[in-house]
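Participant: Numbering (my numbering), first residue to last: 135 to 319.
Idealized CB from N, CA, C, for every residue including glycine.
#1: In this structure, how does DSSP classify residue 287 when only helix, strand and coil are distinguished?
#2: Grab me the residues of residue 314's own chain with a C-beta within less than 7 Å of its C-beta, minus the 5 sequence neighbours each way, in chain order.
#3: Residue 257 to residue 281, Cα distance in whole Å?
#4: Expressed to the nearest angstrom, what Euclidean distance is found between the alpha-carbon atoms of residue 253 and residue 182?
#5: Considering only the alpha carbon of each residue, which of 301, 296 and 303 lies closest to residue 312?
#6: Residue 147 and residue 156: beta carbons closer than 9 Å?
#7: Residue 169 to residue 176, Cα distance in whole Å?
#8: Over what stretch of residues does the alpha helix (DSSP H) that includes residue 198 continue unbroken?
#9: Grab the span of the alpha helix (DSSP H) containing residue 146 for me, first residue to last.
#10: In its own chain, which residues sit with a C-beta less than 7 Å from the C-beta of residue 250, not counting the 5 before and 5 after it?
#11: Under a three-way DSSP split, which group does residue 297 fall into?
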């Protein structure tokens, strides 16, 4: 059905006013809201800034230890060092069993020096061995089902309130829905 423009009521036909009629109240409301937000935020920030300033002004604890650099050692007498090395090189020392025992203890202690001389290869950590067959995952068995016996259960409120209506009738269905909304068994 098609309606003519003339048939429409006056409040629909009337054109909206153009101009500053809605702009001025909008600007005033915006200014008031911004001023209120500014006041609230400045009060909030003043409280938090004061709390931060109070936390920062704390006495510094006394130092537990003082760290100083070691003073450079006195210059070595290189002539004496060269003579000692030459004397050690001229008389070879047979290796005893004690250094081997010391090297046997190094794997248990933490190694702090890494050179070719003290390299000890270790096996990979992420290697699978297929010597043992994989064991199937044992799922937990479900709990045994328990039998529930209800003794002396009274009929629901729907059955007690809607008994006079015929089974399957609209009146009984409406009664049961109303009782279901008002009473929770």
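Facilitator: Straight from the coordinates:
#1: It is coil, neither helix nor strand.
#2: For residue 314, where only same-chain residues beyond five positions count, the Cβ hits under 7 Å are 292.
#3: Approximately 57 Å between the Cα atoms of the pair.
#4: Approximately 58 Å, taken between the alpha carbons.
#5: That would be 296, whose Cα lies nearest to the Cα of residue 312.
#6: Cβ distance not < 9 Å, so residue 147 and residue 156 don't count as in contact.
#7: If you take the alpha carbons of residue 169 and residue 176, they lie about 11 Å apart.
#8: No alpha helix (DSSP H) contains residue 198, which DSSP labels as neither H nor E.
#9: Bounds of the alpha helix (DSSP H) holding residue 146 are 144-147.
#10: Taking C-beta separations shorter than 7 Å and ignoring five residues to either side along the sequence, residue 250 has no partners in its chain.
#11: Coil, per DSSP.
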